[in-house]
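Asks:
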Amino acid sequence: MDFEQALRGRRSVRDYRREPLGADTLLKLIQAAALAPSAMNEQPWRFNVIMDAERLDRLSDAAKRHLLAGAVGEGPHAEHAKAMLGDPTYQIFYHAPALVVIAAPESSPWAVEDCALAAQNFMLAAYAAGLGTCWIGFAQGYLNTPEGKSAIGLAQDMRAVAPLIVGWPAAPAPAVARSHPKVEWIN
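Now the structure itself:
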């Protein structure tokens, strides 16, 4: 697979086979993530890996409670989100075998940008290896509470930026329509 195929083929996967991933596989993806550029070459990222299904279920329940307690907010997608989160069978990590949280020190001025670059590397490397990934935005708020940080072994002075699930896709993820980029050429 060449680079453009990976860019065009990668999808957010929300249905996984119940098949564990080896630590060596995850380590290869983390090493690819760590090759990302970073501001001032700070390389601020840390990777917390959770592979225990029961812990992921507890994290999902806690994140759902956090969101339903008011973090969902308002807006065009709020009602749909509230319905999903209120469903007791909905697990925000989609029963993936692993959650990798890319984090950086709260004090890092470019934590979000640097970790997002690392996350993209991770997701593309996973796709090239036949794995699926999805960035779980529903988890971010909870994982940045003192309780959430403690639950994933993240130091309190760190910021959880990119909660990524990873595993073997149960089926190919459907392609989504892509709009043409809006470009403003300034001469």
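With the working numbering applied, the sequence shown corresponds to residues 3 to 189, in that order.
By construction, the Cβ of each residue, glycine as well, lies at the ideal position given by its N, Cα and C atoms.
All of these numbers come straight from a predicted model, not from anything done at the bench.
1) Using C-beta distances below 7 Å, list every residue in its chain close to A172, excluding the 5 sequence neighbours before and after it, in chain order.
2) If you draw a straight line from the C-alpha of E76 to the C-alpha of G139, how long is it?
3) So who's on the other strand from C136, going by DSSP bridges?
4) Would you tell me roughly how many angstroms separate the C-alpha atoms of L37 and L23, rounded to the nearest one?
5) Within 8 Å, do at least three Cβ pairs link the region 80-97 to the region 31-48?
6) When you compare the CB positions of A121 and A164, do they come within less than 7 Å of one another, or not?
7) Could you pull the DSSP bridge partners for I52 from this structure?
8) Tell me whether P99 is buried or exposed, calling it buried when 16 or more other Cβ atoms sit within 10 Å of its Cβ.
9) Going by DSSP in three states, A172 sits in which element: helix, strand or coil?
10) How big is the Cα-Cα spacing for A157 and E186?
11) Quick one: what does DSSP say S181 is sitting in, helix, strand or coil?
12) Could you pull out every residue in the same chain whose Cβ sits closer than 6 Å to the Cβ of S110, ignoring the five residues on either side in sequence?
Replies: If we stick to the structure as given:
1) In the sequence shown, counting from the first residue as 1, residue 172 sits at position 170. Taken in chain order, the residues that qualify are D17, Y18, R19.
2) Stepping through the sequence shown from its first residue, residue 76 is reached at position 74. Stepping through the sequence shown from its first residue, residue 139 is reached at position 137. Looking at the two C-alpha atoms, the distance is approximately 16 Å.
3) As a first step, residue 136 must be located in the sequence shown, where it is residue number 134. I167.
4) Position 35 of the sequence shown, counting from 1, holds the residue named residue 37. Position 21 of the sequence shown, counting from 1, holds the residue named residue 23. Those two C-alpha atoms are separated by around 21 Å.
5) No, the region 31-48 does not touch the region 80-97.
6) Looking up residue 121 in the sequence shown gives position 119. Looking up residue 164 in the sequence shown gives position 162. It is a contact, given that the beta carbons lie within the stated cut-off.
7) Here residue 52 refers to the residue found at position 50 of the sequence shown. For I52, which the question treats as bridged, DSSP gives the partners L101.
8) Translated into the one-based positions of the sequence shown, residue 99 becomes position 97. Under this definition P99 is a buried residue.
9) Here residue 172 is taken as the residue at index 170 of the sequence shown, counted from 1. In the structure shown, A172 sits in coil (DSSP, three-state: anything other than H, G, I, E or B).
10) Counting from one through the sequence shown, the residue named residue 157 turns up at place 155. Counting from one through the sequence shown, the residue named residue 186 turns up at place 184. Their backbone Cα atoms lie some 42 Å apart in a straight line.
11) For the purposes of this step, residue 181 is taken as the residue at position 179 of the sequence shown. S181 falls in the coil class under three-state DSSP.
12) In the sequence shown, the residue the question calls residue 110 occupies position 108. Hits under 6 Å: P46.
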